[in-house]
Amino acid sequence: MIRRKNSNDKECSVESSLEVGMLSKSTFNDQELDNYLRQGEIKACEKPPVPPQILWVGDCTIATFGNFSASTGKAKSKKTFNITAMVAAAVNNSTVLKYRASLPDGKRKILYFDTEQSRFHCHNVIERIYRLAGLSLTKEDKRIKFYGLREFTPTLRIALIDYALRTFEGVGLVI
Numbered sequence: 001m002i003r004r005k006n007s008n009d010k011e012c013s014v015e016s017s018l019e020v021g022m023l024s025k026s027t028f029n030d031q032e033l034d035n036y037l038r039q040g041e042i043k044a045c046e047k048p049p050v051p052p053q054i055l056w057v058g059d060c061t062i063a064t065f066g067n068f069s070a071s072t073g074k075a076k077s078k079k080t081f082n083i084t085a086m087v088a089a090a091v092n093n094s095t096v097l098k099y100r101a102s103l104p105d106g107k108r109k110i111l112y113f114d115t116e117q118s119r120f121h122c123h124n125v126i127e128r129i130y131r132l133a134g135l136s137l138t139k140e141d142k143r144i145k146f147y148g149l150r151e152f153t154p155t156l157r158i159a160l161i162d163y164a165l166r167t168f169e170g171v172g173l174v175i
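Its first residue numbered 1, the sequence shown is counted upward by one per residue in the UniProt record's numbering.
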């Protein structure tokens, strides 16, 4: 059992992440489906709050806090380079190569999971992030944790990412 704080900062117990638990299931009973359907219902008369914006290119918002985004493109189209600039901006809540970031106070930790590149190439990526952010390469910065997960199975990768999200406090950006 894991202890975590809920949205009201009250400590509560959870068995594991709902999302990871759902991955191992192939069937759901009607009560579970009804609960999930109710949880996902969007009502026109109940406007949710606008999530905080955290990443911009110039004046265009490209990420909001709490949402998923994807960087897509052809092979060798500099997706990783663009992401490193975003992460470098997020480390210092600054602007790097036209990417501007502003993570909320208390949510400044960055978790970076690479599932495609070798350890050597992952190290090149984190070095580039450090250089773009103006960080020293002789000392680890506690605001960013970088993990190379290529050697692990997809199921283990999901479990590791879920575990990290449940374990690390103050996470504001996950790559």
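Ideal Cβ placement from N, Cα and C applies to all residues, glycine included.
Can you tell me where the alpha helix (DSSP H) with Asp34 in it begins and where it stops? According to the DSSP assignment, Asp34 belongs to the alpha helix (DSSP H) that extends over Asp30 to Gly40.
Under 8 angstroms Cβ to Cβ from Phe168, same chain only, skipping five residues before and after it: list those, please. In its chain, beyond the 5 residues on either side, Lys109, Leu111 and Lys145 have a beta carbon closer than 8 angstroms to the beta carbon of Phe168.
Can you give me the C-alpha to C-alpha distance between Ile129 and Thr155, rounded to a whole angstrom? The straight-line gap from Cα to Cα measures roughly 28 angstroms.
Inspect the CB distances between the segment 82 to 95 and the segment 125 to 144 and report whether three or more fall short of 8 angstroms. Because the criterion of three Cβ pairs below 8 angstroms is met, the segment 82 to 95 and the segment 125 to 144 touch.
Rounded straight-line distance, which links the Cα of Leu103 to that of Gln31: One C-alpha to the other measures close to 38 angstroms.
Pro123 to Gln117, Cα distance in whole Å? Per the sequence presented here, residue 123 reads as His, with Pro not at that position. If I take the Cα positions, the gap works out to 10 angstroms.
Counting only runs of 4+ residues fully inside the segment 90 to 124, write out the alpha helix (DSSP H) ranges in chain order. Qualifying alpha helix (DSSP H) stretches: none in this window.
At 4 residues or longer, and completely inside the segment 137 to 175: list those alpha helix (DSSP H) runs for me, N to C. Within the segment 137 to 175, the complete alpha helix (DSSP H) runs of at least 4 residues are 154 to 167.
Chain-order list of residues whose beta-carbon lies under 8 angstroms from that of Thr84 (same chain, five-residue window excluded): Counting only Cβ-Cβ distances below 8 angstroms, and skipping sequence neighbours, we find Val125, Arg128, Ile129 and Leu132.
For Leu132, which of helix, strand or coil comes out of DSSP? DSSP places Leu132 within a helical segment (H, G or I) once states are collapsed to three.
Rounded straight-line distance, which links the Cα of Gly170 to that of Ile161: The alpha-carbon atoms of Ile161 and Gly170 are separated by roughly 15 angstroms.
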